[in-house]
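In numbering that gives the first Met the number 0, the protein residues as written are 0 to 195. Built from N, CA and C at the ideal position, the CB exists for glycine as well. The structure appears right after this line, and notes come after that.
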Amino acid sequence: MLDKDIDLDSFGIYEGISETIVTTMRGWTPNAAPMGIIRKKDRLFIRLFKGSNTYENVLAEKTLVANVTYDPVLFVLSTFTELEDTEFEPNSFNGISVSPLKKAQCWVAFECVNSKLTTETFVSELVPIRAHLNKCRIRAPNRGFNGVIEACVHATRYQLTGDEKYLKLIKAYGDIVEKCGGEAEKEAMELIYDFL
0 MLDKDIDLDS
10 FGIYEGISET
20 IVTTMRGWTP
30 NAAPMGIIRK
40 KDRLFIRLFK
50 GSNTYENVLA
60 EKTLVANVTY
70 DPVLFVLSTF
80 TELEDTEFEP
90 NSFNGISVSP
100 LKKAQCWVAF
110 ECVNSKLTTE
120 TFVSELVPIR
130 AHLNKCRIRA
140 PNRGFNGVIE
150 ACVHATRYQL
160 TGDEKYLKLI
170 KAYGDIVEKC
180 GGEAEKEAME
190 LIYDFL
């Protein structure tokens, strides 16, 4: 059940899968990676795949922060690189340490409960324990930004499988970014091409 004191709609996490950059910590070392927060009515979940820093950190600490941002370059950098420590803003409450992103419009910290571990994945229900709004910015949907997110997803699948079909999908989303995106989206797409 959701913490009724935290209105997730106000923090941009709606029904379906909300694309966020999840930050975690292991000791004092922060990590960031794009992750979808799954919301079905009044329940939230995350599915993590074995082998990532996020997987290891959540397994150990049982907490994570979902950062909401419209920065396409930040999405790409957190997909393919380790962000600099200066990108994070350490925060503590009730004996829990988290490191949200400084550039996030807002963030929600979650505790992981009722977790299930399989040979491939870690699935956990999420309970919001803290939320913070840095800045409220109304933004209309942008197909270029969405194209960057989809290209990142397909780029990670390509890296995992080597399947050429993902390169075709990345190119198709790159065409959308070229037609519909602004400078930041085009810069992010170029970074994806560089990382591949």
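Starting from Arg-25, trace the beta strand (DSSP E) in both directions and tell me its first and last residue. 15 to 25
N-terminal and C-terminal residue of the beta strand (DSSP E) that Cys-208 is part of: Past the edges of the chain, shown from 0 to 195, lies residue 208, and the structure says nothing about it.
Along the chain, where does the beta strand (DSSP E) that runs through Ile-95 open and close? 95 to 97
Between which two residues does the beta strand (DSSP E) carrying Pro-33 extend? 28 to 39
Length at least 4, wholly inside the stretch 59 to 135: the alpha helix (DSSP H) runs in chain order: 71 to 79
For Asp-84, I'd like the list of residues in its chain whose CB is within less than 6 Å of its CB, leaving aside the five on either flank, ordered along the chain. none
With 16 other CB atoms within 10 Å as the buried threshold, where does Tyr-13 fall? exposed
Spatial neighbours of Arg-46 within its chain, please: C-beta separation below 6 Å, excluding the five flanking residues on both sides. Counting only Cβ-Cβ distances below 6 Å, and skipping sequence neighbours, we find Thr-120, Val-122.
Return the CA-CA distance between Ile-191 and Ala-150, expressed in angstroms with no decimal places. 8 Å
What would DSSP say about Ile-191, mapped onto helix, strand or coil? helix
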